[in-house]
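Protein chains: 2
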Amino acid sequence: MISPSNRLSDVKEYYFSKKLREISALEKQGKSILNIAIGSPDLAPPLNVIDALNNAALEVKANKYQSYQGLLELRQAMADFYKTSFDVSLNPENEVLPLMGSKEGVMHISLAFLNAGDKVLIPNPGYPTYTSVTKLLHAEPVFYNLSDANNWQPDLEALEKQDLSGVKLMWLNYPHMPTGAQASKTLFSKLIKFAKKHKILLVNDNPYSFILNDNPTSILSLPEAKEVALELNSLSKTFNMPGWRVGMVLGHKKYIDAVLQVKSNMDSGMYYAIQKSAIEALKSADSWFTDLNKIYQERRKIVWQIMDTLQCTYDKDSVGLFVWGKVPSDKDAETLTDYLLAEKNIFVTPGFIFGSQGKNYIRISLCESETLLKTALKRLV
Amino acid sequence: MISPSNRLSDVKEYYFSKKLREISALEKQGKSILNIAIGSPDLAPPLNVIDALNNAALEVKANKYQSYQGLLELRQAMADFYKTSFDVSLNPENEVLPLMGSKEGVMHISLAFLNAGDKVLIPNPGYPTYTSVTKLLHAEPVFYNLSDANNWQPDLEALEKQDLSGVKLMWLNYPHMPTGAQASKTLFSKLIKFAKKHKILLVNDNPYSFILNDNPTSILSLPEAKEVALELNSLSKTFNMPGWRVGMVLGHKKYIDAVLQVKSNMDSGMYYAIQKSAIEALKSADSWFTDLNKIYQERRKIVWQIMDTLQCTYDKDSVGLFVWGKVPSDKDAETLTDYLLAEKNIFVTPGFIFGSQGKNYIRISLCESETLLKTALKRLV
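Printed below as a string of structure tokens:
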């Protein structure tokens, strides 16, 4: 057999992929597992989205190869959405690039900007894909610690004292997953100054802006942001369309061009009917967000009760699709997670999978019905 | 501004992307351009495919994240299709991986198997993406020449005489684009022996098997093929679904696992409703191919007349979606292409874009209606 590339030796199987096999084995034994771990929105997208899909699929051109850049109409809808939501002006001709999900953007951006050996600043705790992709490209992850004490914000003074030579890119993710912390405009402004000084490309991954958040913020709304920052966004959480694979990368034409140069050499344009559906979703009225967040608010109340029952502490001001709870100091979070799965048949996410700074925490998702969450609560009291 | 990765410096803009801008400028001047250059199927997919999309989109689970591996039902349909079409047995559990188009497979396979500096055997002429992706990963393209004299088959004796140290991967593409040449089972068998001897992974890119071809062949139908060969396939040409982005990679579990390890770190699973549509397409009756090829046969007759008018010679036994014509020895193919666009407003593909071995050729696509092809013919006589 021919051996795989060295790049694979450093990348582990995704925690959830392993754990879901374990759960499936338990289910085969007849156990009823309540999975409140995973952030895959369970609610339906705006109604007109599916009508748009059906109508568009009937057009003959829908079947043909699509432009790498996507329909201008889609880029316009994305630009309009950024104007309305964040007061950010973007030229749909060259500052907006639709992606088949923002996750692929992590790879495209990394391919476009990293050479082997470049260093990449990655939040700890943070989304594991930033690290995997960095390692796959033989670049070097340099973790920056976030902590409860600092409200999960990077400590820029500490970073300035570090050796930053060779750092090419810094991943930001505000609102932050898994903690739900937000960045203030002041923080973004400091980060832009920091990035300009050290010639570091900032990428803010921003898919949680509209969930339980009264103050959606884009890093691109700051002055001079476009010189050093890109932003990723997605329809997955905002419009309950994770399975549809629609994301976007936004920023300066020069940066978008570099990403497009990579992307056009590795895939083709997004399915026409999905683009038309995305346009409909992006035009949703404000009431969409109000209605959506009412549901998440009710669910969150129950998750808070679950956290209380487990004697975990949490921040009621955090935003996004999860509740992040600190386990009591005499308990170990991974042990608690294993106990909950084995003894209570409840699957929650242990914080360590997001990095060492998450090891005293558990994460519970708001993507399950009130009924299911109440059942989980009953199993615990 | 932050500079892009070195990997971009070697990869040019795709020829068509530049040329289509030129065409669009001509059209703005009021010219009516007949584009017979590009292989994007214009016909509709099987009828039940769109019904399947509409029905599946209504299921609530359609909106959620899908498995990286795709639905077992889709992998089973792909395995069944390979059994029926090529008499190849594949285990849908672990020898079949759905892709969002086979083009992304070129990148996934290259990431999974190549280290920087590895050499990659690439056909000249051939699909430009093999070269771009190889360069993007800092691997080294080593072109092997195909020629009319050798019926566009690799000269294995000549290859054996070359220094093959450091060669990790060899791209094959039979039926071959742009020439329409086929590989015999004898050739595949020799290639497998060659690959085993030199520890080279063969990847046969096989999307043209069912177009104007009485003898569809998979490299995986050869004994011992799975030890050294993967195959890419696609629904784009076979079922007129290029815009839907459905492809697959097939082969030994160990190789598929390596590709999945890359893929799961850079995207998520394919939209559920597209998977359900793909399943319907793969179940199409034999009459689908008969009806489809009747249309292409009629179109090809007209394209042959166009080639005759241009005094180009071609192989009537070639297969696939294009006619590949050799220009008369006193003419230059690129000059002819430019002349046809400027003076006759007909866009054909010059062969040089597929490599130096294509420089005396032009390629015409069968993806335009008889009416349009007849209009092109009339402009020339």
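Residue numbers (the numbering used here), protein chains in the order written: chain Y, 10 to 390; chain S, 10 to 390.
Glycine is no exception: its CB is placed at the ideal position from the N, C-alpha and C atoms.
Contact check for Val20 (chain Y) and Lys144 (chain Y): beta-carbon distance about 6 Å, within the 8 Å limit, so the pair qualifies. The criterion of a C-beta distance shorter than 7 Å is satisfied by Gly256 (chain S) and Gly110 (chain S).
At a cut-off of 7 Å, the C-beta of Ser111 (chain S) has no neighbouring C-beta in chain Y. Around the Cβ of Ala34 (chain S), a 10 Å sphere holds fewer than 16 other Cβ atoms; the residue is exposed. For a cut-off of 8 Å, the C-beta gap from Pro251 (chain Y) to Lys73 (chain S) is around 6 Å, short enough to register as a contact. With respect to Ala290 (chain Y), Leu244 (chain Y) sits close: the two C-beta atoms are nearer than 7 Å. Secondary structure at Asn215 (chain S): coil, using DSSP grouped into helix, strand and coil. Taken in chain order, the complete beta strand (DSSP E) segments of 3 residues or longer contained in the stretch 145–174 of chain S are 149–154. Residues of chain Y with a Cβ closer than 8 Å to the Cβ of Asn215 (chain S) do not exist; the shortest Cβ-Cβ separation is about 18 Å.
Here Lys292 (chain S) carries a coil assignment [DSSP, helix/strand/coil].
If the five residues before and after Leu123 (chain S) are omitted, its C-beta is found closer than 8 Å to the C-beta atoms of Val129, Thr143, Leu146, Ala148, Lys177 and Leu178, all from its own chain and listed in chain order. Contact of Ala71 (chain Y) with chain S by beta-carbon distance below 7 Å involves Gly252. Assigned with DSSP and collapsed to three states, Gly189 (chain S) falls in coil, not helix or strand. In this structure, Gln284 (chain Y) sits away from Leu67 (chain Y), with a CB-CB distance that is not shorter than 7 Å. Cβ contact annotation for Arg308 (chain Y) (same chain, cutoff 7 Å, sequence separation greater than five): Leu375, Glu379 and Leu382, in chain order. Judged by DSSP in its simplified three-state form, Thr322 (chain Y) adopts strand. Cβ proximity to chain S below 7 Å picks out Thr138, Ser141, Val142 and Leu145 from the stretch 138–155 of chain Y.
Not a single CB atom of chain Y sits nearer than 7 Å to the CB of Phe197 (chain S). With fewer than 16 other Cβ atoms from the protein chains shown falling within 10 Å of its own Cβ, Ser193 (chain S) counts as exposed. For Leu259 (chain S), the enclosing beta strand (DSSP E) covers residues Gly256 to Leu259. From the beta-carbon of Asp300 (chain S), no residue of chain Y is found nearer than 8 Å; the closest lies around 16 Å away. In this structure, Thr344 (chain Y) lies away from Lys335 (chain Y), with their beta-carbon atoms at least 7 Å apart. Annotation for Ser374 (chain S): no alpha helix (DSSP H) segment contains it, though the beta strand (DSSP E) segment containing it runs Tyr370 to Ser374.
Secondary structure of Thr247 (chain S) (DSSP, three-state): coil.
Restricting attention to S:Glu236, S:Gly360, S:Asn103 and S:Lys199, the CA atom closest to the CA of Thr188 (chain S) is found in S:Gly360.
With contacts defined as CB atoms closer than 7 Å, Arg254 (chain Y) and Tyr280 (chain S) qualify as a contacting pair. For Ala204 (chain Y), the secondary structure class from DSSP, reduced to helix, strand or coil, is helix. Look at Glu31 (chain Y) here: in three-state DSSP terms it is helix. The beta carbon of Asp51 (chain S) lies closer than 6 Å to those of Cys376 in the same chain, with the five residues before and after it left out. Here the stretch 180–187 of chain Y makes contact with the stretch 213–220 of chain Y; the two share three or more CB pairs at distances below 8 Å. By the criterion of a C-beta distance shorter than 7 Å, Ser365 (chain Y) is surrounded in its chain by Asn133, once the five residues flanking it on both sides are discounted. Between the C-alpha atoms of Ala287 (chain S) and Lys70 (chain S) there is a straight-line separation of about 17 Å.
Under the 7 Å criterion on CB atoms, Lys310 (chain S) is classed as non-interfacial with respect to chain Y. In terms of Cβ geometry, Ser227 (chain Y) and Phe90 (chain Y) do not form a close pair [threshold 7 Å]. In summary, Lys246 (chain S) is buried, with 16 or more beta-carbon neighbours lying within 10 Å of its beta-carbon over all protein chains present.
Separation of Gly126 (chain S) and Lys292 (chain Y) (C-alpha to C-alpha, rounded to the nearest whole angstrom) is 48 Å.
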